[in-house]
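Engineer: Heads up, our numbering is the position in the sequence shown plus 617, with the first residue counted as 1.
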Amino acid sequence: MNGPKQPLPNLLFKDQPGESPQRPLGIPRDYGARRGLPVRKEATRLVSIGPNPDGRDVKLAPRAALAWKRMRSEAACAGVVLEPISGFRSVRRQAELIRGKLATGETIGEILRLVAAPGYSEHHTGRAVDIGTPDNPPLVEGFAGTPAFRWLRSHAGEFGFSMSFPRKNPHGIGYEPWHWCFKGLPLPRSRQSGRRNAF
Ligand SMILES: [Zn+2]
């Protein structure tokens with residue numbers, strides 16, 4: 618499901634028609650540089666974190682999955698329900714998503730405000746998870762008004778997750794209060810203060 622193990626730049630910029638998920642979509646070659654977005658490697662190891670509300674299995678890279686499970690149960694203890702909406706997504710799948718939107722008449726410029734170009738989505742890494750909560754439609758700004766979002770703002774960092782696309786982010790991507798990425802666990806407090814004291 619991860620697609621061919623090809624180096625991404627070749628996969629993205631090959632000129633042969635039909636082989637590249639990117640060129641036929643009309644994505645500018647300098648997209649990554651202009652948006653300040655690095656090419657993301659596809660995760661090679663994935664584990665399930667359970668079904669999303671549509672019943673589709675959601676997968677993350679192992680360390681992100683473990684952190685998610687801990688975060689979700691801690692939230693549950695506080696009476697907050699976090700639902701996984703979407704996790705790992707292949708480069709190929711990202712291209713399919715964009716093709717689908719182009720087919721409905723949206724322009725590539727409009728699409729790229731809300732969807733990363735294939736190869737540039739944090740979801741390829743298996744470390745990003747779109748989060749929902751019951752009784753709220755998924756992937757809408759209204760998520761920012763929910764107790765789940767307030768809980769995440771206060772506690773997600775303790776589990777190594779941060780919000781990638783706040784309002785007016787430098788990547789020109791719309792506000793995505795539902796999209797959180799595992800950046801690694803913070804150092805224990807004792808070591809943090811030790812480091813601070815060393816300067
Ligand atoms: Zn996302």
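A virtual CB, placed ideally from N, CA and C, is assigned to each residue, including glycine.
#1: Nearest-angstrom Cα distance between residue 674 and residue 785?
#2: Only counting the same chain, and skipping five residues up and downstream in sequence, which positions put a Cβ closer than 7 angstroms to that of residue 738?
#3: Can you give, in chain order, each stretch of the beta strand (DSSP E) that sits fully within the segment 686 to 741 and has at least 3 residues?
#4: Residue 764 and residue 750 - do their beta-carbons sit closer together than 9 angstroms?
#5: I want to know whether the segment 666 to 682 touches the segment 718 to 730 - three or more CB-CB distances under 8 angstroms.
#6: Please tell me whether residue 703 and residue 740 are closer than 9 angstroms, where the distance is taken between their beta carbons.
#7: Closer than 5 angstroms from C-beta to any heavy atom of ligand 1: which residues, in chain order?
#8: Just to confirm, are residue 663 and residue 777 a CB contact at a threshold of 9 angstroms?
#9: Measure the alpha-carbon distance for residue 619 versus residue 761 and round it to whole angstroms.
#10: Check whether the Cβ atoms of residue 653 and residue 730 lie closer than 9 angstroms to each other.
#11: Report the three-state DSSP secondary structure of residue 796 (helix, strand or coil).
#12: Judging by CA-CA distance, which residue of 644, 802, 796 is the nearest neighbour of residue 716?
#13: Could you tell me which whole beta strand (DSSP E) segments of length 3 or greater appear in the segment 741 to 772?
#14: Does DSSP classify residue 625 as helix, strand or coil?
#15: What did DSSP end up calling residue 778 once you bin it into helix, strand or coil?
#16: Taking DSSP's pairing of strands, which residues face residue 655 in a bridge?
#17: From residue 825 to residue 693, what distance separates their C-alpha atoms?
#18: Tell whether a beta-carbon distance below 9 angstroms holds between residue 798 and residue 746.
Structural biologist: A quick look at the data gives this:
#1: 32 angstroms
#2: 657, 706, 711
#3: 700 to 703
#4: yes
#5: no
#6: yes
#7: 747, 796
#8: no
#9: Reliability fails at residue 619, whose pLDDT of 44 lies under 50, so the model's placement of it is uncertain and no value is given.
#10: no
#11: strand
#12: 644
#13: 745 to 749
#14: For residue 625, the predicted model reports a pLDDT of 48, less than 50, meaning its position is unreliable and no value from the coordinates is stated.
#15: strand
#16: In DSSP, residue 655 forms no bridge with anything.
#17: Outside the displayed span of the chain (618 to 816) sits residue 825, for which this structure offers no information.
#18: yes
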